[in-house]
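Those protein sequences? They're chains A and B, same order as listed. Take 354 as the starting number for the first sequence in this note's numbering and just add one per residue. Take 354 as the starting number for the second sequence in this note's numbering and just add one per residue. Just so you know, even glycine gets a beta-carbon here, dropped at the ideal spot from N, CA and C. Accompanying notes for the structure given below.
There are 2 protein chains.
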Amino acid sequence: MRGRPREFDPDDAVESAMGVFWTSGYHATSLPELLEATNLSRGSLYAAFGDKHGLFLRALDRYIADSLTRLDADLDPRKDVLDGIRACLARYVERTSGAGAKRGCLIVATAMELGSQDVEVEQRIRRFFKAMEARLTTALERAKSERRLADEVEPSTVARLIMCLLEGMRVVSKTNADRSSSQAVVQTLLDRFVR
Amino acid sequence: MRGRPREFDPDDAVESAMGVFWTSGYHATSLPELLEATNLSRGSLYAAFGDKHGLFLRALDRYIADSLTRLDADLDPRKDVLDGIRACLARYVERTSGAGAKRGCLIVATAMELGSQDVEVEQRIRRFFKAMEARLTTALERAKSERRLADEVEPSTVARLIMCLLEGMRVVSKTNADRSSSQAVVQTLLDRFVR
DNA sequence: ATATTTTTGGACCAAATGGTCGTCAATATG
DNA sequence: CATATTGACGACCATTTGGTCCAAAAATAT
């Protein structure tokens with residue numbers, strides 16, 4: 354290609370921007386903050402991403418992709434199902450304790466801040482939850498077929514229950530990052546639904 | 354009292370403001386929007402509430418008070434415990450379906466938007482969750498003493514589990530307000546924890 | 001070496017932001 | 001009635017907002 358090559362890596366910029374949006378939310382993040390975090394000038398940023406909203410979408414997409422990647426790693430079909438589910442829950446327990454908990458979750462925050470006002474965002478959030486629910490459902494169906502899930506219970510319903518529970522933990526732990534109570538909740542859940 | 358009397362009811366103004374914050378969030382709500390919703394002039398609003406932040410705190414306090422009032426009504430100690438818990442859950446199912454679901458929950462939205470950056474807000478949110486958890490715990494202890502709660506299970510842990518689940522439902526239903534799945538989740542929960 | 005293409009950085013902009021203040025109106029008190 | 005006190009209103013303000021644009025620089029292809 355002709356012309357002067359880019360001096361920055363767009364993916365790095367997206368990652369930096371993601372960090373700012375993550376800690377501050379969309380509206381509370383200003384252009385100057387974004388510029389400082391990404392080390393870009395206004396011109397470069399707008400040329401590369403269109404506008405603040407475009408950059409946010411990129412950041413959100415990245416966050417979602419990362420989340421699903423971790424989920425897939427935890428629920429790897431080659432592993433023992435229950436180990437996978439436990440790993441997944443354990444990860445959320447970690448994420449809802451200590452300093453990390455205060456940072457919250459970009460998806461949850463975005464769902465609440467823009468979920469019903471920005472169609473592009475709404476679509477992404479909905480897809481994420483659908484994807485997460487689907488992965489959990491698959492895992493639970495596997496558990497069920499191995500007779501390791503409680504009998505009377507439907508995998509898809511439990512999947513949604515777990516998803517809501519985990520996301521709710523992220524909300525509550527924003528102002529109360531108590532590890533042990535998250536731990537206890539997850540343990541109780543497992544006790545009642547799994548064998 | 355001396356001087357010209359107020360022409361507006363501050364509580365009405367707070368309620369109107371609450372509505373705007375509820376649908377748009379703190380940062381996305383502008384002064385002009387607040388002025389239109391409350392029918393106040395800038396001068397009056399600032400004289401009565403200090404600033405945008407002060408008005409928001411009042412609105413949040415009101416929302417919290419309303420929520421706890423409803424919770425207390427549902428979990429009325431004079432009623433059958435399980436009926437109370439069921440009523441409480443049913444209320445959340447209602448709130449997470451249809452148009453109302455898209456509006457979300459001011460507490461959850463505020464927790465995510467300001468929870469870790471605004472100490473006054475953080476305090477209020479934390480207190481709310483503590484209060485909600487405490488009420489649920491009390492109800493569940495009553496259920497336990499009546500042997501209507503699953504045996505191996507601890508009321509305080511189940512209380513937190515339910516709270517997280519309900520708040521998580523509010524998050525997920527922001528972009529997927531499917532009544533029947535909320536219904537099924539709640540039913541499954543009851544099936545596994547209650548007799 | 002030159003022409004071409006693209007990036008860069010920041011000056012610049014209009015609009016919107018939250019917030020203040022002075023003037024006038026309405027009531028209570030003497 | 002006169003005065004003191006408070007409220008209402010909107011003009012006004014400094015700052016910040018997201019966004020545009022252009023001149024200079026830089027790097028490639030010819």
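- Against A/His406, chain B offers no close residue; the least beta-carbon distance is about 13 Å (beta-carbon pairs closer than 9 Å).
- Taken in chain order, the complete alpha helix (DSSP H) segments of 4 residues or longer contained in the segment 453–509 of chain A are 459–467, 472–498.
- Nearest CB-CB separation between A/Met371 and chain B: not below the 8 Å threshold.
- Rounded to the nearest angstrom, the gap between the Cα atoms of A/Ala443 and A/Gln536 is 8 Å.
- For A/Ala464, the C-beta contacts it makes with chain B under 7 Å involve Val524, Lys527, Thr528, in order along the chain.
- The closest CA to that of B/Val511, considering only B/Ser369, B/Arg355, B/Asp404, B/Ala496, is found on B/Ala496.
- By the criterion of at least three beta-carbon pairs nearer than 8 Å, the segment 380–399 of chain B is not in contact with the segment 422–437 of chain B.
- Proximity of A/Leu410 to chain B, defined by a Cβ-Cβ separation below 8 Å, is not satisfied.
- Under the criterion of beta carbons closer than 8 Å, A/Ala464 and B/Val524 qualify as touching, at roughly 6 Å.
- Take B/Val461, set aside five residues on each side of it, and the residues of its chain with a beta-carbon closer than 7 Å to its own are Glu520, Arg523, Val524, in chain order.
- One Cα belongs to B/Thr491, the other to B/Arg480, and the distance between them is close to 16 Å.
- With fewer than 16 other beta carbons inside 10 angstroms of its own, B/Lys483 counts as exposed.
- DSSP links A/Val547 through a beta bridge to A/Leu502.
- Taking C-alpha positions only, A/Asp362 is separated from B/Asn529 by approximately 35 Å.
- Taking 9 Å as the upper bound on Cβ-Cβ separation, chain A lies near residues Thr376, Ser377, Gly378, Tyr379, His380, Ala381 of the segment 373–394 of chain B.
- Short of 7 Å from the beta carbon of B/Cys441, and not among the five residues preceding or following it, lie these beta carbons of its own chain, in chain order: Leu424, Asp427, Leu428.
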